[in-house]
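Visitor: Can you read through this structure? Questions will come right after.
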Amino acid sequence: MQLPAAGVAKARRCMYCGGELQLDAEADAAVAEAGRALETVRAMERKFRVNCPLCERVLVFTGEAIGAERRCAYCTALFEVPEAGRPALPGPSASLMEDAPPAAAAELEKAAGLIGLNSLFSASGGWNSLGDEAAMALDALRWRLIRGHAALAPARALAAVLRDVVQTPAPAGVESWICPLPPRWTGDLIARWICSKGECSAQDKDGGTTVVDFVTGSHTAETGKPLMTGSDMKDTLANIAVKAAAAAITDSAFSLDQDDIKMNLDEDRRLYVVKHLLRMTLLPAGAGTSFHFSHRWSTGEELELEPAQTQAVRAVRTELFREMRLFVCFKAVFGDWFNADCLSCLTPAAFGRWLETLHPSLAGHRDIFVAIEDAKVRRAQRRWPEGKEKP
16 MQLPAAGVAK ARRCMYCGGE LQLDAEADAA VAEAGRALET VRAMERKFRV NCPLCERVLV
76 FTGEAIGAER RCAYCTALFE VPEAGRPALP GPSASLMEDA PPAAAAELEK AAGLIGLNSL
136 FSASGGWNSL GDEAAMALDA LRWRLIRGHA ALAPARALAA VLRDVVQTPA PAGVESWICP
196 LPPRWTGDLI ARWICSKGEC SAQDKDGGTT VVDFVTGSHT AETGKPLMTG SDMKDTLANI
256 AVKAAAAAIT DSAFSLDQDD IKMNLDEDRR LYVVKHLLRM TLLPAGAGTS FHFSHRWSTG
316 EELELEPAQT QAVRAVRTEL FREMRLFVCF KAVFGDWFNA DCLSCLTPAA FGRWLETLHP
376 SLAGHRDIFV AIEDAKVRRA QRRWPEGKEK P
């Protein structure tokens, strides 16, 4: 009787009588090889758990994912799947290339020279004069370079953006301010942090352009009849103006909540929702971003920008100026893949562990996490106060 080697590898007994099989040397070698192959397949299919290195949520993978780059399903953090039982590290590499060297001033100074920090920050009195999260960002960036977690070109690019962020003045008007972040980063920060309490989406286009659509209101229109252009739209925009004005008085950010439209209609009446979009087209301007704003309906019609939307534009730029430094600082700590969702979900424990993994000397910077907590407080203040009538 002939039996497949893979079947015998699973159980060395006769499938009919249950007796132990007697194998010659050639058959025994074939069965042993089939057993090794079977164990490899089982190991690839075996599930294990990994904690996200940023939000610490539990993720489940199989052995075939080990060594592959994945993103957290919750916070979108990028990491390489480690072997079972080993912790995941943030970024595209699951292992640092070198052991942590002692905190030698010469090592740090050499890394600073490679990145070009002295020339980048010369106009600001030298990079050593920077404080708070910017100093933490540059310390972490240098150690990422030394440890092999960052390549030289991305490290220089991140330092250059941080330099521009530190030196960029506050937006004085609506028309001419240039954001020092690239369009893709700017759109991410607007859609997922600044305007995240409203209905907002960002889409990258060709040529480095990013388009952000922010829903600033809506009205209903009946199928086959002209769209409403009268009091409904004016009332919606008036409410936006009240919100923007209140934000300016209280020194907080604005929020635009999207309410469900209640419709009790006859079967013969068919209405649909027309959304009013503040479209922000983010264009490359040197290393930064310039803006073009327009008022569009979801039906495709374009209108002139309303005064209330102009105030919303001002509020968006004010918040960009407030949060862009924090955003790029944490990109320097983790990598340019770090996005606004990661900023929202990063935990203090994960942040502290990563700093100590880069180098024990960075442990003293763990208190900088309070900057994220402060930003979350400002973000929460964009909601309307409880009990206030919504538009």
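Numbering-wise, the sequence shown is residues 16 to 406 according to this note's numbering.
The beta-carbon is built from N, C-alpha and C at its ideal position, and this holds for glycine as well.
Keep in mind it's a predicted model, so treat the numbers as computed, not measured.
#1: Where does Asn133 fall in DSSP's three states?
#2: How many angstroms separate the CA atom of Asp274 from the CA atom of Pro322?
#3: Considering Cα atoms alone, identify which of His374, Asp228, Ala168, Asp351 is closest to Phe94.
#4: Where do the N-terminal and C-terminal ends of the alpha helix (DSSP H) with Arg199 fall, by residue?
#5: Determine, using beta-carbon pairs with one atom in the region 200-209 and one in the region 338-357, whether at least three such pairs fall under 8 Å.
#6: Quick check: His307 and Ala118, are their CB atoms within less than 9 Å of each other?
#7: Return yes when the C-beta of His374 is under 8 Å from any heavy atom of the ligand GTP, and no when it is not.
#8: DSSP puts Ser313 in a beta bridge; with which residues?
#9: Can you tell me whether Asn279 is buried or exposed? The criterion is at least 16 other CB atoms within 10 Å of its CB, across all chains shown.
#10: If we count the other Cβ atoms within 10 Å of its Cβ and call it buried at 16 or more, is His317 buried or exposed?
#11: Between Ala170 and Leu160, which are expected to be in contact by the criterion C-beta below 8 Å, what is the C-beta distance as a whole number of angstroms?
#12: Would a C-beta distance cut-off of 9 Å place Ala174 and Leu132 closer than the cut-off?
#13: Val96 by DSSP, collapsed to three states: which one?
#14: Measure the alpha-carbon distance for Pro299 versus Gly367 and round it to whole angstroms.
#15: Cα separation between Ala329 and Gly100?
#16: Taking the continuous beta strand (DSSP E) assigned at Leu104, which residues delimit it?
#17: Comparing alpha-carbon positions, which option in Ser211, Pro198, Ser139, Leu69 lies nearest Asp219?
#18: How about Thr231 and Val288: are their beta carbons less than 9 Å apart?
#19: Are Ser359 and Ser211 closer than 9 Å when you measure CB to CB?
#20: So what does DSSP say about Phe308, is it helix, strand or coil?
#21: Take Phe384 and list the residues in its own chain whose beta-carbon comes closer than 6 Å to its own, dropping the five residues that flank it on each side.
#22: Can you tell me whether DSSP reads Ser211 as helix, strand or coil?
#23: What are the boundary residues of the alpha helix (DSSP H) that Pro169 is part of?
Guide: From the atom records:
#1: Collapsing the DSSP output to three states places Asn133 in a helix.
#2: Because the pLDDT at Asp274 is just 41, under 50, the model does not fix this residue reliably, and the value given afterwards should be weighed accordingly. Rounded to whole angstroms, Asp274 to Pro322 spans 22 Å at the Cα level.
#3: For the residues His374, Asp228, Ala168, Asp351, the minimum Cα distance to Phe94 belongs to Asp351.
#4: Following the DSSP letters along the chain, one finds Arg199 inside the alpha helix (DSSP H) bounded by residues 198-204.
#5: Cβ pair count under 8 Å is three or more, so yes.
#6: No, the Cβ-Cβ distance between His307 and Ala118 is not below 9 Å.
#7: Because no ligand of any kind appears in the structure shown, any question about the ligand GTP cannot be addressed here.
#8: Ser313 pairs with nothing; no bridge assigned.
#9: Reliability fails at Asn279, whose pLDDT of 48 lies under 50, so the model's placement of it is uncertain and the value that follows must be treated cautiously. Residue burial annotation: Asn279 is exposed, with fewer than 16 other C-beta atoms found within 10 angstroms of its C-beta.
#10: In the sequence under discussion, the amino acid at residue 317 is Glu, which differs from the His named in the question. A residue is called buried once 16 or more other Cβ atoms fall within 10 Å of its Cβ, and Glu317, having fewer, is exposed.
#11: Right, their Cβ atoms sit about 5 Å apart.
#12: Contact: yes.
#13: Note: Val96 maps to coil in three-state DSSP.
#14: Whole-angstrom Cα-Cα distance: 35 Å.
#15: First, the residue type needs correcting, since residue 329 is Arg and not Ala in the sequence shown. In a straight line, the C-alpha of Arg329 is about 49 Å away from that of Gly100.
#16: In the DSSP assignment, Leu104 falls outside any beta strand (DSSP E) and carries neither an H nor an E.
#17: Distance from the Cα of Asp219 is smallest, within the candidate group Ser211, Pro198, Ser139, Leu69, for Pro198.
#18: No; because the gap between Cβ atoms is not below 9 Å, this pair is not in contact.
#19: In contact: Ser359 and Ser211 (Cβ atoms closer than 9 Å).
#20: DSSP places Phe308 in strand when its eight states are reduced to three.
#21: For Phe384, where only same-chain residues beyond five positions count, the Cβ hits under 6 Å are Pro363, Phe366.
#22: Here Ser211 sits in coil by DSSP.
#23: Its alpha helix (DSSP H) spans residues 167-182.
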